[in-house]
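Heads up, the sequence shown is in our numbering, so the first residue is -15 and it goes up one at a time.
C-beta: ideal position from N, C-alpha, C; glycine also.
It should be emphasised that the depicted structure is a prediction, and the values quoted were computed from it without experimental measurement.
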Amino acid sequence: AAAAQQVLQAPAAAASSAVKAVASTATKAVKVVAGQPQEPGRKSAEFTDFSAADDPVLHDGKHYLEWIANITVEKYAAKSTFSVHIFLGDFNPDPAEWRKDPNLVGSHVVFANNLGFTGCERCQEAASQHKLVTGTIPLTGALGDRLGKDKLNSLTPAQIAPYLQKELHWRIQRHDGTVIEREDIPSLKVSVAHFVVSIPDSPDQFPTWGEGHRDASVTAGRLGGAGDDDD
């Protein structure tokens, strides 16, 4: 039993340490920008219900902001398996290089039978009903790697939202590498959200996520991007 307990605690401790490392960087960054005046002529994103820079809970060393990209799309939108790639920064224009691009944050793969060949009646029915699937790509790690670079020194919405407006990109690709243009998949909706995460005091506990806040300004008006009126 003792050996089993050690096995269970080891990965939990590692996960807790990783979370604390990210949180430490994020908290320091928040402290750096909290007292800085806004650059002249710079327009900050508007957030009516949440302001991380003014929230004292993020200054206690026990909380940090987690950023994610959410993906919603019809499962059979491409009539076969396809991927939605999420990039942070410039990426190779050659689609053959997308899956190994250094700025690829993650890919959401939608596994779907080829509707032109499958005899699956449930698949055909799901396609006719426009069945939606969802996926999530974490952004915090990639954003943390960029702290101190690209004029990015905080994980607060005032810093991250304008940054993501410029640097967050998504593309669609079939499993054989063929590119699908975003306008050809109208059901695709990519959105961005952030959460205040509480860091556990014990290594055998998990972080606690607070209420999420969607940052519609990042994706609204872009091909495949969610707007204010999207669920």
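How about residue i and residue j: are their beta carbons less than 8 Å apart?
i           : j           : result
residue 163 : residue 208 : no
residue 152 : residue 94  : no
residue 123 : residue 204 : no
residue 193 : residue 50  : yes
residue 180 : residue 47  : yes
residue 131 : residue 144 : no
residue 125 : residue 55  : no
residue 185 : residue 200 : no
Among the residues of its own chain, which have a CB less than 8 Å from the CB of residue i, if the five just before and after it don't count?
i           : result
residue 62  : 94, 96, 156, 158, 164 and 169
residue 59  : 94, 96, 110, 111, 115, 116 and 117
residue 102 : 108
What does the Cβ neighbour count give for residue i, buried or exposed, with the cut at 16 atoms within 10 Å?
i           : result
residue 121 : buried
residue 114 : exposed
Going by beta carbon distance, what residues of the same chain come within less than 6 Å of residue i, once the five residues before and after it are set aside?
i           : result
residue 85  : 75 and 76
residue 57  : 171 and 172
residue 70  : 53, 89, 90, 121 and 154
residue 147 : 136
residue 214 : 173
residue 210 : 173, 175 and 203
residue 87  : 71, 72, 73 and 75
DSSP has residue i in a bridge; who is on the other side?
i           : result
residue 157 : 67 and 163
residue 99  : None; residue 99 has no bridge partner.
residue 276 : As shown, the chain starts at -15 and ends at 215. That puts residue 276 outside it, with no answer to give.
residue 121 : 53
residue 209 : 174
residue 182 : 47 and 192
Tell me which same chain residues have a C-beta within less than 7 Å of the C-beta of residue i, skipping the five on either side of it?
i           : result
residue 92  : 55, 67, 68, 119 and 121
residue 166 : 156, 172, 207 and 208
* Hey, is the region 63 to 75 in contact with the region 96 to 105, meaning 3+ C-beta pairs nearer than 8 Å? -> yes
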